[in-house]
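To keep things clear, I will list the structure first and then write my remarks on it.
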Amino acid sequence: MSNYCFYSQDALALAQSAGVDVIINSYAEQHKKQTYILCRPLSNEDVKYDYDRAIAVFSSGIKPFFIDFGDDDDLFEEYQEDFLEDVSYLAEKFKYRDKIGRKKSWQILFESLSRNDIDFKKLEVETKESRVIDLIISLIVGSINDTSRINLEANNLLDTIKSKIILFDTDQTKFVFQSGFGKKSVIQGLAGSGKTELLLHKLKEIYSKNP
Numbered sequence: 000m001s002n003y004c005f006y007s008q009d010a011l012a013l014a015q016s017a018g019v020d021v022i023i024n025s026y027a028e029q030h031k032k033q034t035y036i037l038c039r040p041l042s043n044e045d046v047k048y049d050y051d052r053a054i055a056v057f058s059s060g061i062k063p064f065f066i067d068f069g070d071d072d073d074l075f076e077e078y079q080e081d082f083l084e085d086v087s088y089l090a091e092k093f094k095y096r097d098k099i100g101r102k103k104s105w106q107i108l109f110e111s112l113s114r115n116d117i118d119f120k121k122l123e124v125e126t127k128e129s130r131v132i133d134l135i136i137s138l139i140v141g142s143i144n145d146t147s148r149i150n151l152e153a154n155n156l157l158d159t160i161k162s163k164i165i166l167f168d169t170d171q172t173k174f175v176f177q178s179g180f181g182k183k184s185v186i187q188g189l190a191g192s193g194k195t196e197l198l199l200h201k202l203k204e205i206y207s208k209n210p
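Oh and the sequence shown: position 40 is 39 in numbering that gives the first Met the number 0, straight run, nothing missing.
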């Protein structure tokens, strides 16, 4: 598995069952891009869907896409709608709506693909769309940004840097959502690298699952 990929356990099983993980891992490794393969938003993990034969794939610079591994078109369509509704809920909860708009304005960025027809080149998007997608990814993985500092229209280097969208990398995501709940969690890193933020997310995850 590529170090650039984060799979939720249920998504990994589905992707491996059809060999889709090989295609995704190859893309992430070749382009050195953090890629997230999930069945539901990590930041809303307590939600349950009626359909458990589909995954969603997210990576900066390309359209997010759904893949169906079952044979029920109606349930797959319902799954996609539920997933998008959860993104909309998170956007409202964390005040992202002012930046990405209502669901009708960004749901067109999502694609539905056959597991035999994954072409990342066809999924590439323009810079502004890419920044909207980055904000959606940050919602999905729980790497919440202060949207008051983000300008999606930034067109010069300085404004772009000031408007940087912070995303958890795959190692950080694994630390928050996959490492075990022992008596002690240890993290190392340079000053200003976000250790406190990660530990706060870890605490939230522990207490939400063990109230």
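Each residue gets a CB set at the ideal place from its N, CA and C atoms; glycine is no exception.
Taking each of 108, 140 and 118 in turn and checking the Cα distance to residue 126, the smallest one comes out for 108. Under the criterion of beta carbons closer than 8 angstroms, residue 123 and residue 61 qualify as touching, at roughly 6 angstroms. Residue 93 carries a coil assignment under DSSP once its states are collapsed to helix, strand and coil.
When the five nearest sequence neighbours on each side are left out, the beta carbons in the same chain lying within less than 7 angstroms of the beta carbon of residue 81 are those of 48, in order along the chain. Residue 110: member of the beta strand (DSSP E) spanning 110–112, first to last residue.
By the 16-neighbour rule on beta-carbons within 10 angstroms, residue 141 is buried. Collapsing the DSSP output to three states places residue 66 in a strand.
A distance below 6 angstroms between beta-carbons, with the five flanking residues on each side excluded, links residue 64 to the following residues of its chain, in chain order: 56, 110 and 112.
Following the DSSP letters along the chain, one finds residue 6 inside the beta strand (DSSP E) bounded by residues 4–6. Secondary structure note for residue 27: its alpha helix (DSSP H) is the uninterrupted segment 19–30. Counting C-beta atoms within 10 angstroms of its own C-beta, residue 33 has 16 or more neighbours from the protein chains shown and is therefore classed as buried. In terms of Cβ geometry, residue 43 and residue 85 form a close pair [threshold 8 angstroms].
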